[in-house]
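*Asks:* Dropping a structure here in structure tokens format, bear with me for questions.
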Amino acid sequence: MNVLIIGGTRFLGRALAEAALAAGHKVTLFNRGKTNADLFPEAEKLQGDRMTDEGLALLKGRKWDVAIDTCGYIPRAVSLTADLLAENVGQYVFISSISVYGPPMEAHLDESGPVLKLPEGTPETTEEVTGGNYGPLKVLCENAAEAAFPGRTLQVRSGLIVGPHDPTDRFTYWPVRIARGGDVLCPPASAPIQIIDARDQAAWIIRMTEAHKSGIYNVTGPDTALTFGTVTETCNQVSGNQAQLIPASESFLLEKEVSPWQDMPLWLDTESASMSTINIQKALADGLTFRALPDTVRDIVAWFNEERSGDAELRTGIKPEREAEVLAAWREQMQS
112 MNVLIIGGTR FLGRALAEAA LAAGHKVTLF NRGKTNADLF PEAEKLQGDR MTDEGLALLK
172 GRKWDVAIDT CGYIPRAVSL TADLLAENVG QYVFISSISV YGPPMEAHLD ESGPVLKLPE
232 GTPETTEEVT GGNYGPLKVL CENAAEAAFP GRTLQVRSGL IVGPHDPTDR FTYWPVRIAR
292 GGDVLCPPAS APIQIIDARD QAAWIIRMTE AHKSGIYNVT GPDTALTFGT VTETCNQVSG
352 NQAQLIPASE SFLLEKEVSP WQDMPLWLDT ESASMSTINI QKALADGLTF RALPDTVRDI
412 VAWFNEERSG DAELRTGIKP EREAEVLAAW REQMQS
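Written out as structure tokens, the structure reads:
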């Protein structure tokens, strides 16, 4: 196949380019050339700004079997790109998000679940992406892609994507922090979590395009229930059990203003935990598979140590001084 990837050099896009090339496909990368421009010398590289007709000019009249849009957040941008490509491209893959459902959302939602609308008073033409409108804007982006490619769009509603090269450190926090050893503050061990390695998601997407599959799919993992306790214990085992894992209760963490997702990356309190129970049966039926969690953890630690050095500051997660304070308070509470 001839594959056009919009993006393709940062995280999921990078994994998609690797998967497509490994499968023997011809790859064209279209982006602004600002991130990892030296990657994939074997791929064709086109540079432009997708937000303008002029920026998209290099794509006009070109033919590809599939276009994969990894960085569509604003409906106008998706419309400009998809409309331009519709006549000469066979299929459009749009990377969406389970955030189209919420929060809040019901537990175990499948692809038929209700999706969000923009907050009242927010115009559909807004180009300011915030935490409050990220999900609704993704819905509108999905609609724009489908309008340009009716019946030829694969909508990938992604969960939390993890693995080497993740620029956010959201999951990376846990393997790296635990590898550093010492006492590690953790959320309740029973808290649910869903994640998918970018490389597994990318390989599945490429297989889906090879089979000309379309429609909406929830794509996260794994295929069995996963808890925070399993994740943190796996991280510790991979790193030689250098850390002492100390899970605190939800009520204590909230009382101490330890914020879910920010201070404790990926942790969702009981009120929001349904976001970690997304139904992925449709994707599983179409061949979604997962590598072993220890392999993902091991690869993340190796990448972090090589690319950023083992003692580099993590971009998210509770700061060490604050972690020590909260741990001391937890011990005091347990002893009283």
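The opening position of the sequence shown corresponds to residue 112 in my numbering, with each subsequent residue numbered one higher. C-beta atoms are modelled at their ideal positions from N, C-alpha and C, and glycine is treated no differently. Predicted model, so just to flag it, every value in this text is computed and none were measured.
1) Ends of the alpha helix (DSSP H) at residue 320?
2) What is the DSSP secondary structure of residue 294, counted as helix, strand or coil?
3) Let's test the definition: count the other Cβ atoms within 10 Å of the Cβ of residue 163 and tell me whether it reaches 16, buried, or not, exposed.
4) Report the CB separation of residue 284 from residue 427 in whole angstroms; it is logged as a contact under 8 Å.
5) According to DSSP, which residues form a beta bridge with residue 368?
6) How far does the beta strand (DSSP E) with residue 156 in it extend, from its first residue to its last?
7) For residue 272, which of 438, 411 and 385 has the nearest alpha-carbon?
8) Counting Cβ pairs, one atom from each stretch, are 3 or more of them under 8 Å apart for the region 193-213 and the region 260-267?
9) What residue does the alpha helix (DSSP H) around residue 199 start on, and which one ends it?
10) Is it a yes or a no for the region 178-187 touching the region 148-159, going by three-plus beta-carbon pairs under 8 Å?
11) What runs of the beta strand (DSSP E), each 3 residues or longer, lie entirely inside the region 189-261?
12) Suppose only complete runs of 3+ residues qualify. What are the beta strand (DSSP E) ranges in the region 352-411, listed by chain order?
13) Could you give the distance in angstroms between the alpha-carbon of residue 219 and the alpha-carbon of residue 420?
14) Between the beta-carbon of residue 274 and the beta-carbon of residue 354, is there less than 7 Å?
15) Let me know the secondary structure DSSP gives residue 169 once reduced to three states.
16) Relative to the C-alpha of residue 114, which candidate in 384, 319, 279 and 237 has its C-alpha closest?
17) Please report the distance separating the alpha-carbon of residue 307 from that of residue 174.
18) Once you ignore the five residues that flank residue 389 on each side, which residues in its own chain have a CB closer than 7 Å to its CB?
19) Give a yes or no on whether the C-beta atoms belonging to residue 297 and residue 356 are separated by under 7 Å.
20) Just to confirm my understanding: we take residue 233, look at its own chain, exclude 5 residues before and 5 after, and list those with CB closer than 7 Å. What are they?
21) I'd like to confirm the pairing. Which residues does DSSP put opposite residue 265 in its beta bridges?
22) Keeping to the same chain, check which residues put their C-beta closer than 7 Å to that of residue 300; ignore five residues upstream and five downstream.
23) Which whole-angstrom value is the C-beta distance of residue 333 and residue 415, which I expect to be below 8 Å?
24) Helix, strand or coil for residue 289? Go by DSSP, reduced to three states.
25) Do you know whose CA, among 183, 313 and 194, lies nearest residue 123's CA?
26) Just checking residue 443 against the ligand NAP - is the residue's beta carbon closer than 6 Å to any of the ligand's heavy atoms?
27) Could you tell me which of 149, 136, 165 and 137 sits nearest to residue 121, measuring between CA atoms?
28) Look at the alpha carbon of residue 365 and the alpha carbon of residue 151, and state the distance between them as a whole number of angstroms.
*Replies:* Walking through what the data contain:
1) Start at 1 with the first residue of the sequence shown, and residue 320 comes out as number 209. Where residue 320 is concerned, the enclosing alpha helix (DSSP H) stretches over 309-321.
2) Taking the sequence shown and counting its residues from 1, one reaches residue 294 at position 183. If DSSP states are grouped into helix, strand and coil, residue 294 belongs with the strands.
3) The residue you call residue 163 lines up with position 52 of the sequence shown. Residue 163 comes out exposed.
4) Here the question's residue 284 lines up with position 173 in the sequence shown. Here the question's residue 427 lines up with position 316 in the sequence shown. That pair is a contact at about 6 Å.
5) Locating residue 368 in the sequence shown gives position 257, counting from the first residue. BP columns for residue 368 are empty, so no partner.
6) Within the sequence shown, residue 156 is the residue found at index 45, counting from 1. Residues 155-158.
7) Working through the sequence shown from its first residue, we reach residue 272 at position 161. Ranking the options by Cα distance to residue 272, first place goes to 411.
8) With a cut-off of 8 Å on Cβ pairs, the region 193-213 is in contact with the region 260-267, counting three or more such pairs.
9) Within the sequence shown, the letter at position 88 stands for residue 199. For residue 199, there is no enclosing alpha helix (DSSP H), since its DSSP letter is neither H nor E.
10) Contact fails between the region 178-187 and the region 148-159, because fewer than three Cβ pairs, one in each stretch, are under 8 Å apart.
11) For the region 189-261, whole beta strand (DSSP E) runs of length 3 or above, ordered along the chain, are 200-208.
12) Within the region 352-411, the complete beta strand (DSSP E) runs of at least 3 residues are 354-358.
13) In the sequence shown, counting from the first residue as 1, residue 219 sits at position 108. In the sequence shown, counting from the first residue as 1, residue 420 sits at position 309. One C-alpha to the other measures close to 39 Å.
14) In the sequence shown, the residue the question calls residue 274 occupies position 163. In the sequence shown, the residue the question calls residue 354 occupies position 243. Not in contact: residue 274 and residue 354 (Cβ atoms no closer than 7 Å).
15) Counted from its first residue, the sequence shown places residue 169 at position 58. In the three-state reduction of the DSSP assignment, residue 169 falls in the helix class.
16) Indexing the sequence shown from 1 puts residue 114 at position 3. If we check each option's Cα against that of residue 114, 319 comes out closest.
17) For the purposes of this step, residue 307 is taken as the residue at position 196 of the sequence shown. For the purposes of this step, residue 174 is taken as the residue at position 63 of the sequence shown. Cα to Cα, the separation comes out at about 31 Å.
18) Taking the sequence shown and counting its residues from 1, the one referred to as residue 389 is at position 278. Counting only Cβ-Cβ distances below 7 Å, and skipping sequence neighbours, we find 209, 220, 270, 305, 329 and 331.
19) Counting from one through the sequence shown, the residue named residue 297 turns up at place 186. Counting from one through the sequence shown, the residue named residue 356 turns up at place 245. Pairing residue 297 with residue 356 gives a Cβ-Cβ distance under 7 Å.
20) In the sequence shown, counting from the first residue as 1, residue 233 sits at position 122. Cβ within range, chain order: 244.
21) Residue numbering aside, residue 265 sits at position 154 when the sequence shown is read from its first letter. Paired residue(s): 204 and 326.
22) For this step, residue 300 is matched to residue 189 along the sequence shown. Result list for residue 300: 338, 339, 340 and 358, in chain order.
23) The sequence position of residue 333 within the sequence shown is 222, counting from 1. The sequence position of residue 415 within the sequence shown is 304, counting from 1. A Cβ-Cβ separation of about 22 Å leaves residue 333 out of contact with residue 415 under the 8 Å criterion.
24) Within the sequence shown, the letter at position 178 stands for residue 289. Residue state, collapsed to three classes: helix.
25) Taking the sequence shown and counting its residues from 1, the one referred to as residue 123 is at position 12. The closest CA to that of residue 123, considering only 183, 313 and 194, is found on 313.
26) What this structure holds is no ligand at all, so the ligand NAP is not there to describe.
27) By one-based count along the sequence shown, residue 121 stands at place 10. Closest by alpha carbon: 149.
28) Against the sequence shown, residue 365 aligns to sequence position 254. Against the sequence shown, residue 151 aligns to sequence position 40. When rounded, the distance between both Cα atoms is 45 Å.
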